[in-house]
Structures are given as structure tokens and as C-alpha cells.
Amino acid sequence: MTVWSYPTNPFLRFCLASVSIAVTIVLYVSTIHLYAGFGRHRGAPWHRTWSIFTESTPGEDLSVTIPEAWQGMIHPLNETHFDTLDDRHYDIPKDAHRWAPLGKKVLIIDVDTRLDTSRGSMLGTRTPLTPDNIKPRTAGIINHFHYALIHGYDYRLVRAPEFQDRHQTWVKVPIEQEALKTYDFVVFLDADAIFNYVQVPLEWLFSLWEITPRTLIAMAEDPHSERNNDAKGWVMWNTGFSIAQKSKRTQELFQRWLDCPTERGKYAGCTQWAYDWAHEQAAFGNYVRYDYDSHKDLRAISCQDGNGMPGKNGGAGCNGVFVRHYWIGKEQTVRDLYQLLSDNKVRALHRYFHEHKDRYFLDLSHHTYPLKDVVF
Numbered sequence: 000m001t002v003w004s005y006p007t008n009p010f011l012r013f014c015l016a017s018v019s020i021a022v023t024i025v026l027y028v029s030t031i032h033l034y035a036g037f038g039r040h041r042g043a044p045w046h047r048t049w050s051i052f053t054e055s056t057p058g059e060d061l062s063v064t065i066p067e068a069w070q071g072m073i074h075p076l077n078e079t080h081f082d083t084l085d086d087r088h089y090d091i092p093k094d095a096h097r098w099a100p101l102g103k104k105v106l107i108i109d110v111d112t113r114l115d116t117s118r119g120s121m122l123g124t125r126t127p128l129t130p131d132n133i134k135p136r137t138a139g140i141i142n143h144f145h146y147a148l149i150h151g152y153d154y155r156l157v158r159a160p161e162f163q164d165r166h167q168t169w170v171k172v173p174i175e176q177e178a179l180k181t182y183d184f185v186v187f188l189d190a191d192a193i194f195n196y197v198q199v200p201l202e203w204l205f206s207l208w209e210i211t212p213r214t215l216i217a218m219a220e221d222p223h224s225e226r227n228n229d230a231k232g233w234v235m236w237n238t239g240f241s242i243a244q245k246s247k248r249t250q251e252l253f254q255r256w257l258d259c260p261t262e263r264g265k266y267a268g269c270t271q272w273a274y275d276w277a278h279e280q281a282a283f284g285n286y287v288r289y290d291y292d293s294h295k296d297l298r299a300i301s302c303q304d305g306n307g308m309p310g311k312n313g314g315a316g317c318n319g320v321f322v323r324h325y326w327i328g329k330e331q332t333v334r335d336l337y338q339l340l341s342d343n344k345v346r347a348l349h350r351y352f353h354e355h356k357d358r359y360f361l362d363l364s365h366h367t368y369p370l371k372d373v374v375f
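This is the structure:
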């Protein structure tokens, strides 16, 4: 066996040393080039831009693969019974309307006036989402987006124009009204509300809650207590989760609601709810709902089913069985999201949203009220 030894010729030794030094310099510079961007300010030498798109090539079509993955786990629409994990038992009333699959006739929406592109936000792209950096609002939005993909509904995150004459929580009202010109059903949730049993379709819940083709709008009740009652003692309905159905009368309802805190409104005294808490919720509860049949036109979803959360207000009958609303402890949306989905799946949903942002994000901030010619 031939054993290699260091050359004794001075010239060869000089050449070998020169090559070694050159290779070392190249490797050192390459290493600096690779890592410098991670620790330097923007615009520094060798800066490398990191984003949710850096790690891999465009992914799968989640609008196809997610429904496929959930096949066999979706609660059947022809089933009349559902058992929860905490041993609650639900049965659809015998005379309830049974809904066929609605698919793209349903739109689930999130609405906000703010454009948050910071770390951990839904619209941010510089940093991949993690359980440590994701914002509670983002977790809620991803829950809604994921639920829509599972069941084949449409979804939009809408940036609404700001109001000049009332509190910004009012923006949900005109956005829902406009969306109902395109969709048969518009389901709105606050970002701190989540679908708890994502395998249960809206159509099944519509039957459980006795929503019929005549229903204009349904909302969840607030906890039953004196402070949550309107001026006549009727418990308020929480606008953080609502289901509205397309019709001429629904458009009229939304217009009355929208006009309520203005001089052109028909309700004397409603102007206080332009800025006083609970804004649009108080306007609807104290005025608008009294113009409609509380069973045939409107539907109250029990607080137990569609509001609240376990532990905080369960004694008031508000465990949020199907829709949880974390108006206390908003960070719980993060916990719930990662109990259902892995880190990789959350990042995949976030990335898929941005890959198809023109479909799922609607920026109306350049519009003014009243809204006109909005295409959903």
C-alpha cells in the first residue's frame, strides 16, 4: 500500500500551502455570506430575506387535500345525534328542516379595519408561524379558514374601510350586508371565536338550531344575567358569531341596523350606540330585533352552544360547545389551534392563504360608505 507523505520539495510545499489558504478563505467568506443576513439589520451586506416562502417550493392544493383527508370523519348530515367529548348529547328536533350540502353557497368571513403584517399575524410573511409567535387573532382566523376548507365553503378575510361616524366594531354590519348579495349564507365570527368541533358541518348545526329557509339571521345569546339584558329585560345576542341568510328582507334588516345610530334611522335613542358599548350589538338588541318574529325570522342560538368557553362562565350555561368565544383569555385560541393541528399544518395553511391571497383576502380599505359595487 502506498502511503502519502508531505512533499519535501520547497516549491511543491509552497504551492500546496497556497492552495490550502485559498480554500480556507473561500469557505470562510461563503459562511459569512450564508449567515450574515440572519443577524444584521435590513440593508446590511449579504442580507438574506427570510419569509414563509423560503423553506420550500409551492405546496399542495389544500382546498383538495384537506377535504380528502377529512373524508370519513365528517359528521354525516343524515345523522340526528351527536355526542361531545365531555359527554353532552345533542339530537336534531324531529320537525327541523334538514339541509343538503351548501358548499360554495356559504361564505365564512373575518372582518377588520387594521392591516397587521407584523410577526405572527395572518397577513405577515417575513416569519413562519410558530406556537410562540402566532397571535391569538391569527389562530382564530386560521381556525375559520381551516373549517371552510374542510367543508368546501368559501372564505374571506376582509379589510373594511373605517367608519367616520361610529365605533369600528360596526364594520361587520355593512360587510355582511354586501356579502349577502353574492352568497346564500354569510357566517361571521370574531377572531377570538373558534369552531370547536370542526368535523360538524354548518348544515347539521343549522338543523340543530332550527334555522329554516325563512330565517333572516341567527346569533348566540350572551350569558343570562341582568347586566347582559337589554332595556326591556331580554338577554342580548352576541354579534361575535352570526349566521345571515340571503333575502330581500335580510337586506332590509341590515339596512335598519346600519341606519340605527344615525339621524336617518327609525329608532329614537339609537344614536348613543354609535360609540357607547356594546355598539352594533346594543343597537340590534335594543331596537332592530323587536321588528321581527323572534322565532320565524330570527333564531337565538343558546349561549351553551355558540358562546363562551369552559371554566370561565360554564355555570351560566355558556361552555361554547360548538362555537367558543374567548372574550376572556383570548390566547386560548392558540392552544386550541395547536391541539388540533401540528406546527407544519398551521404553517401550510398560512402559506396556502398567501399563495392564493387574491382569492381569500379582500382589501376594501379604499372604499367609502355606503359600499357600492363590491365583488366578493
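For what it's worth, numbering that gives the first Met the number 0 labels the leading residue of the sequence shown as 0, then goes sequentially.
Note that the Cβ used here is the ideal one computed from N, Cα and C, for glycine as well.
The structure displayed is predicted, hence computed values, not measured ones.
Rounded straight-line distance, which links the Cα of residue j to that of residue i
{"i": "PHE81", "j": "HIS324", "result": "21 Å"}
{"i": "ARG298", "j": "SER206", "result": "12 Å"}
{"i": "HIS349", "j": "MET121", "result": "7 Å"}
{"i": "ILE242", "j": "SER117", "result": "31 Å"}
{"i": "ARG41", "j": "ASP85", "result": "For ARG41, the predicted model reports a pLDDT of 31, less than 50, meaning its position is unreliable and no value from the coordinates is stated."}
{"i": "VAL185", "j": "ILE107", "result": "6 Å"}
{"i": "LYS371", "j": "TRP272", "result": "25 Å"}
{"i": "PRO369", "j": "PRO260", "result": "14 Å"}
{"i": "GLU225", "j": "TRP276", "result": "16 Å"}
{"i": "LEU114", "j": "ASP94", "result": "45 Å"}
{"i": "GLN303", "j": "ILE327", "result": "16 Å"}
{"i": "THR249", "j": "ALA159", "result": "21 Å"}
{"i": "GLU78", "j": "GLN198", "result": "13 Å"}
{"i": "LEU339", "j": "ASN227", "result": "32 Å"}
{"i": "ASP362", "j": "PHE187", "result": "17 Å"}
{"i": "HIS366", "j": "PRO135", "result": "28 Å"}
{"i": "PHE253", "j": "GLN244", "result": "11 Å"}
{"i": "ASN132", "j": "GLY232", "result": "43 Å"}
{"i": "LYS171", "j": "ASP164", "result": "15 Å"}
{"i": "GLN70", "j": "CYS269", "result": "48 Å"}
{"i": "VAL333", "j": "THR83", "result": "21 Å"}
{"i": "TYR337", "j": "HIS355", "result": "23 Å"}
Residue i: first and last residue of the uninterrupted alpha helix (DSSP H) it sits in
{"i": "ARG248", "result": "247 to 258"}
{"i": "LEU201", "result": "201 to 207"}
{"i": "HIS150", "result": "135 to 150"}
{"i": "PHE283", "result": "278 to 285"}
{"i": "VAL63", "result": "61 to 69"}
{"i": "ILE174", "result": "171 to 178"}
{"i": "VAL110", "result": "Careful: VAL110 lies outside any alpha helix (DSSP H), inside the beta strand (DSSP E) at 105 to 111."}
{"i": "ASP335", "result": "331 to 339"}
{"i": "LEU348", "result": "342 to 354"}
Host beta strand (DSSP E) of residue i (start-end)
{"i": "THR238", "result": "236 to 244"}
{"i": "ALA299", "result": "297 to 300"}
{"i": "HIS88", "result": "88 to 90"}
{"i": "TRP185", "result": "Note that residue 185 corresponds to Val in the displayed sequence, not to Trp. Taken as a continuous stretch (DSSP letters only), the beta strand (DSSP E) holding VAL185 covers 184 to 188."}
{"i": "GLU220", "result": "216 to 220"}
{"i": "TYR266", "result": "No beta strand (DSSP E) holds TYR266; DSSP gives it neither H nor E."}
{"i": "ASP131", "result": "Segment: none, ASP131 is in no beta strand (DSSP E) and carries neither H nor E."}
{"i": "ALA159", "result": "ALA159 -> no beta strand (DSSP E), and no H or E assigned at all."}
{"i": "ARG323", "result": "322 to 324"}
{"i": "ALA95", "result": "Run containing ALA95: none; DSSP gives neither H nor E here."}
{"i": "PHE81", "result": "80 to 82"}
{"i": "ALA192", "result": "192 to 194"}
{"i": "PHE436", "result": "In the structure as shown, the chain starts at 0 and stops at 375, and residue 436 therefore has no counterpart that could be examined."}
Cβ distance (whole Å) where residue i is taken to contact residue j below 8 Å
{"i": "LEU76", "j": "GLU202", "result": "6 Å"}
{"i": "TYR359", "j": "LEU156", "result": "6 Å"}
{"i": "TYR182", "j": "PHE375", "result": "7 Å"}
{"i": "GLU220", "j": "ASN318", "result": "Wrong, their Cβ atoms sit about 13 Å apart, outside the cutoff."}
{"i": "LEU257", "j": "PRO173", "result": "6 Å"}
{"i": "ASP229", "j": "GLY284", "result": "5 Å"}
{"i": "LEU101", "j": "ALA347", "result": "26 Å between Cβ atoms; not a contact."}
{"i": "VAL320", "j": "ARG87", "result": "6 Å"}
{"i": "ASP111", "j": "HIS143", "result": "ASP111 to HIS143, Cβ: 12 Å. No contact."}
{"i": "HIS74", "j": "PRO200", "result": "7 Å"}
{"i": "ALA217", "j": "ILE300", "result": "6 Å"}
Buried or exposed by the 16-neighbour rule on C-beta atoms within 10 Å, applied to residue i
{"i": "TYR154", "result": "buried"}
{"i": "ARG263", "result": "exposed"}
{"i": "THR214", "result": "buried"}
{"i": "ALA68", "result": "exposed"}
{"i": "TYR274", "result": "exposed"}
{"i": "ARG288", "result": "buried"}
{"i": "PRO222", "result": "buried"}
{"i": "GLN255", "result": "One detail in the question is off: residue 255 reads as Arg in this sequence, not Gln. Buried, by the Cβ-count rule."}
{"i": "LYS295", "result": "exposed"}
{"i": "ASP292", "result": "exposed"}
{"i": "VAL322", "result": "buried"}
{"i": "HIS145", "result": "buried"}
Would you call the region 229 to 239 in contact with the region 273 to 290, where contact means no fewer than 3 C-beta pairs closer than 8 Å? yes
Spell out a yes or no on whether the region 148 to 159 and the region 337 to 344 are touching, meaning 3 or more CB-CB pairs, one atom from each, closer than 8 Å. no
Tell me whether the region 170 to 179 and the region 121 to 139 touch, counting them as touching only if at least three CB pairs, one residue from each stretch, are closer than 8 Å. no
Contact between the region 188 to 195 and the region 131 to 144 (3+ Cβ pairs under 8 Å): The answer is yes - the region 131 to 144 touches the region 188 to 195, with three or more Cβ pairs under 8 Å.
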